[in-house]
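Reviewing the structure listed below.
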Amino acid sequence: MPELPEVEVIRQSLADSVGRHIVDIEVRESRLRKPVDAMRLRSSIGQQIVGLDRKGKYLIARLSDHRILVLHFGMSGTVRLVKGAWAWDRHDHVQLVLDGDLRWVLNDPRRFGLLWVGSESEAPELSRLGPDALSAEFTAPMLFGATRRSKRAVKNVLLDQRVVAGVGNIYANEALFLAGIRPSRAAHRLSRPAVARLHEALRATLREAIAAGGSSIADFRDGRGRTGYFQLQFRVYDRCGEPCLQCGGTIRRAVHAGRSSFYCPRCQH
DNA sequence: CGCACCCCCTGCCGGC
DNA sequence: TGCCGGCAGGGGGTGC
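Under the numbering used here, the first residue of the first sequence is numbered 46, with each subsequent residue one higher.
Now the structure itself:
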């Protein structure tokens with residue numbers, strides 16, 4: 046679920062946490078994508094959260110001892126910011142208690158998420174990431190360079206977090222539709238203007254999605270329990286068999302790299 | 001190098 | 001009504 050827009054929406058909803066100290070951490074279920082090291086995690090008790098950042102799909106809490114607390118939400122993860130005591134609910138795995146009687150409750154039914162604390166330089170996941178899709182470093186010329194070097198389908202390039210961080214299946218499909226490019230097009234055959242269109246479409250889609258509170262397909266909610274509504278604006282994602290909003294043709298579904306692609310065969314070439 | 005295919009895990013939906 | 005297969009926003013690994 047959480048791609049860049051959803052993680053950004055979560056980040057914004059947790060803003061009240063900045064400046065607070067971590068006073069306790071309780072781990073009920075450590076079997077996430079990588080086992081949660083409760084002892085290591087609890088070494089951050091007493092630290093102050095001095096900032097809340099995001100890179101790609103990773104949420105990063107900066108601690109006063111200069112370490113970082115890294116969260117990734119996999120397919121089904123969320124974090125709720127609650128006030129007062131909290132009784133463990135189904136699929137709640139970790140509670141992070143802050144001063145001011147606040148707490149983060151990490152819930153992740155599929156347990157593909159990640160929770161880790163350490164120094165930024167030794168965070169293996171972060172070091173492999175390309176520039177964040179909404180950062181100034183992610184430019185059209187940079188994306189053009191990446192497409193030139195790759196014979197893969199352009200959608201697979203967009204999904205490659207080493208090229209650009211934060212794009213997942215929904216927004217890759219949506220951006221390719223806006224740019225009029227088929228997901229299966231060989232990346233290195235795209236023209237410079239086509240890549241520039243794609244770059245612009247991608248950033249516009251991500252910004253629109255953030256403004257809409259993200260996409261709530263099954264049950265995505267932000268830290269305050271609010272749903273997003275960008276799913277109401279999907280132009281192609283999960284619209285197989287439905288009419289193209291631009292030409293009235295029929296949206297098709299195909300599978301690339303094990304993921305569903307949705308596109309309009311008349312509008313995308 | 002790139003992809004097809006597997007894994008991790010739970011939940012939901014459609015077909016029978 | 002109930003069961004079963006397929007599929008789902010993530011990432012990682014293997015072997016061809």
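We treat Cβ as the ideally placed atom computed from N, Cα and C, and that holds for glycine.
Assigned exposure category for residue i - 16 Cβ within 10 Å defines buried
i: Cys292; result: exposed
i: Ser236; result: exposed
i: Leu204; result: buried
i: Ile90; result: exposed
i: Lys102; result: buried
i: His117; result: buried
i: Ser58; result: buried
i: Pro238; result: exposed
i: Arg148; result: buried
i: Thr184; result: exposed
i: Arg284; result: buried
i: Trp133; result: exposed
i: Pro288; result: exposed
i: Ala263; result: exposed
i: Val300; result: exposed
i: Gly211; result: buried
i: Pro169; result: exposed
Beta bridge counterpart(s) of residue i as assigned by DSSP
i: Thr123; result: Asn152
i: Gly96; result: Arg107
i: Ser306; result: Ala299
i: His314; result: According to DSSP, His314 bridges with nothing at all.
i: Leu116; result: Leu104 and Leu160
i: His66; result: Gln93
i: Arg76; result: Pro80
i: Ala256; result: Answer by DSSP bridge pairing: none, since Ala256 is not bridged.
i: Glu71; result: Gln140
i: Ala130; result: Bridge partners of Ala130: none, in fact.
i: Ala231; result: Ala198
Same chain, Cβ closer than 7 angstroms to residue i, five either side skipped, listed in chain order
i: Ile215; result: Glu48, Ser260 and Tyr282
i: Arg280; result: Glu219, Phe222 and Leu290
i: Glu182; result: Pro176
i: Ala257; result: Gly273, Tyr274, Phe275 and Gln278
i: His244; result: Ala185 and Leu188
i: Gly145; result: Arg65
i: Leu114; result: Ser89, Ala106, Leu108 and Val162
i: Val240; result: Ala185, Leu188, Phe189 and Thr192
Same chain only: Cβ atoms within 6 angstroms of residue i, ignoring 5 sequence neighbours per side
i: Ala302; result: Asn201
i: Asn152; result: Thr123, His136 and Asp137
i: Gly213; result: Glu48
i: Val52; result: Arg99, Lys102 and Leu104
i: Val72; result: Val81, Ala83 and Val139
i: Arg230; result: Val199
i: Arg311; result: Cys292 and Gly294
Nearest-angstrom Cβ-Cβ length linking residue i and residue j, presumed shorter than 8 angstroms
i: Ser306; j: Pro228; result: 4 angstroms
i: Ile55; j: Leu86; result: Ile55 to Leu86, Cβ: 19 angstroms. No contact.
i: Val68; j: Val142; result: 5 angstroms
i: Arg269; j: Leu126; result: 6 angstroms
i: Arg242; j: Ala254; result: That pair is no contact at about 18 angstroms.
Cβ shell of residue i (< 8 angstroms), same chain only, five flanking positions each side left out
i: Arg76; result: Arg156
i: Arg207; result: Arg173, Leu174 and Gly175
Counting only runs that start and end within the stretch 132-189, where is the alpha helix (DSSP H) found for 4 or more residues in a row? Counting only runs of 4+ residues, the alpha helix (DSSP H) found wholly inside the stretch 132-189 occupies 169-172, in chain order.
Along the chain, which unbroken stretches of the beta strand (DSSP E) at least 3 residues long are found entirely within the stretch 266-294? Here no run is fully enclosed.
Which runs of the alpha helix (DSSP H), 4 residues or longer, sit entirely within the stretch 184-228? As far as the stretch 184-228 is concerned, its whole alpha helix (DSSP H) runs of at least 4 residues are 185-193, 199-204 and 214-224.
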